[in-house]
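Asks:
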Amino acid sequence: MTRKKLRTVVCGSTFGQFYLKALKMLPEELELAGLLARGSERSKKWAEYYGINLYTEASQLPDDIDLACVVLRSGVMGGKGTDLSMNLLARGIHVIQEQPVHHKDMAACFRIARQKGVFFQPGDLYVHLPAVRRFIACAKVMLERQNALYIDAAFASQVSYPLMHIFSEILPSIRPWKTGTVSRDGGPFHVLTGTLGKIPVILRVHNEVDPDDPDNYLHLLHRITIGSEGGSLSLTDTHGPVVWHPRLHIPENLKTFGDLSDACPEHLLENSTEMLGTLSPVNYKDILTKQWPGAIARDLSSMRKMILGSSNMDMRAQQDLLCSSQWHEMTAALGYPVLRPGCSHQPLPVNILKEAAATIPDDSFSDQIAKE
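Okay, so the sequence shown: first residue is 29 according to my numbering, each after it adds one.
Here it is in structure tokens:
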């Protein structure tokens, strides 16, 4: 491969629209060369918007396509994405396929890729989001100095694969996964306990889906806390913020004399809650139009570097296979989602909550003590 600007086609126009936007963010690295879809009005609109050809059959793709972004449901999700990936790899086209991909399907894709001298990579925007990258960076620094004592995570089953991917980026090892208990009794959340790489884990999973609208009505995406000897590090939401809570330790002199006015230990002067990194709230419009395409652009840029020989495919392949295998074990223990048809969107204006919060003044008693 001598051409540095790779001609790229997107396969799928639903979630694929985010890949289309991401590709336009990388004009010096990737050239958007077409859209492969069924020919719906949506796909026609996107093809016209970006001024690209719309293909309805893989056989229609020109021979000069370098990279395909397969953004269709994979075989494990009941779709044809994996079959298409194998077809394109067999034609000598590099493929990045949107997660999740079953580890057996992934192994087959890697095998075809090696035979044809091309590259395959599962795509996952979530690990490239700003808050997730910040959480990963902070967690690595924490775990270089202290051991992980526990992991407490809540997530929607639809984004369970990215959760395991996040763990694989942070922890020394995600092997073995051992299931402890599984509770599916009532409520929207199922609870799974176990160990991941010998670290105790409790997972609370929103394991429901509206069959008519499976991408909506999630109570959350990811919420992760890793506890250490010094405190707990939390990703409060997939889009942030990242928060540090130092562990409360009451010094002996307070137990004895109840007074810290003379000699206060340094650790008691740290804030009980510390937000790490950028603190600016981000609305969902910006998340969908900027953060998600930007995260995908990072993933695509990484894929391009691998194709051009500046990263190790074999090492990445082993990591991806392990991640998929551990994800499969976790979701197999959890079981299928409960079907909840007929959900409806009922937004709650945040001003209602702000007004309620404003009715509670700061603690005047503590202020009075501070003045004495």
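Just so you know, even glycine gets a beta-carbon here, dropped at the ideal spot from N, CA and C.
Measure the C-alpha to C-alpha separation of M134 and Q346 and round it to an integer number of angstroms.
Replies: 10 Å
Asks: For M343, count neighbouring Cβ atoms within 10 angstroms of its own Cβ and tell me buried if that reaches 16, exposed if not.
Replies: Exposed, since its Cβ has fewer than 16 Cβ neighbours within 10 Å.
Asks: Considering only the beta carbon of each residue, do G44 and V37 sit closer than 8 Å?
Replies: G44 places its beta carbon 8 Å or farther from that of V37.
Asks: Between the alpha carbons of Y178 and R212, how many angstroms are there, rounded?
Replies: 22 Å
Asks: For the alpha helix (DSSP H) that S256 lies in, which residues bound it at each end?
Replies: No alpha helix (DSSP H) holds S256; the beta strand (DSSP E) holding it covers 250-256.
Asks: Taking a contact to mean a Cβ-Cβ separation below 8 Å, would you say S369 touches D238 in this structure?
Replies: The displayed chain sequence assigns Pro, not Ser, to residue 369. It is a contact, given that the beta carbons lie within the stated cut-off.
Asks: Ordered along the chain, which non-local residues of its own chain (more than five positions away) have a Cβ less than 7 Å from that of M29?
Replies: Note on M29: pLDDT 44, under 50, position unreliable in the model; no value is reported.
Asks: Among A96, I93, L112, which one has its Cα closest to the Cα of S102?
Replies: The closest CA to that of S102, considering only A96, I93, L112, is found on L112.
Asks: Let me know the beta strand (DSSP E) ranges lying completely inside the segment 129-216, each 3 residues or longer, listed in chain order.
Replies: 148-151, 176-184, 205-211
Asks: What's the C-alpha gap between R203 and W355?
Replies: 11 Å
Asks: Comparing C-alpha positions only, which one of K32, L63, K33 sits nearest to Y47?
Replies: L63
Asks: Going by C-alpha to C-alpha distance, which of L246, A361, G67, S256 sits closest to D265?
Replies: Of all alpha-carbon atoms in L246, A361, G67, S256, the one lying nearest the alpha-carbon of D265 is that of L246.
Asks: What did DSSP end up calling R119 once you bin it into helix, strand or coil?
Replies: coil
Asks: For V233 and H267, which I take to be in contact (beta-carbon distance under 8 Å), what is that distance rounded to the nearest angstrom?
Replies: At roughly 19 Å, the Cβ-Cβ gap does not stay under 8 Å, so V233 and H267 are not in contact.
Asks: Assuming contact is defined by CB atoms lying nearer than 8 Å, are R251 and E57 in contact in what I supplied?
Replies: no
Asks: Spell out the partners DSSP gives L34 in its beta bridges.
Replies: Per DSSP, the beta-bridge partners of L34 are L58.
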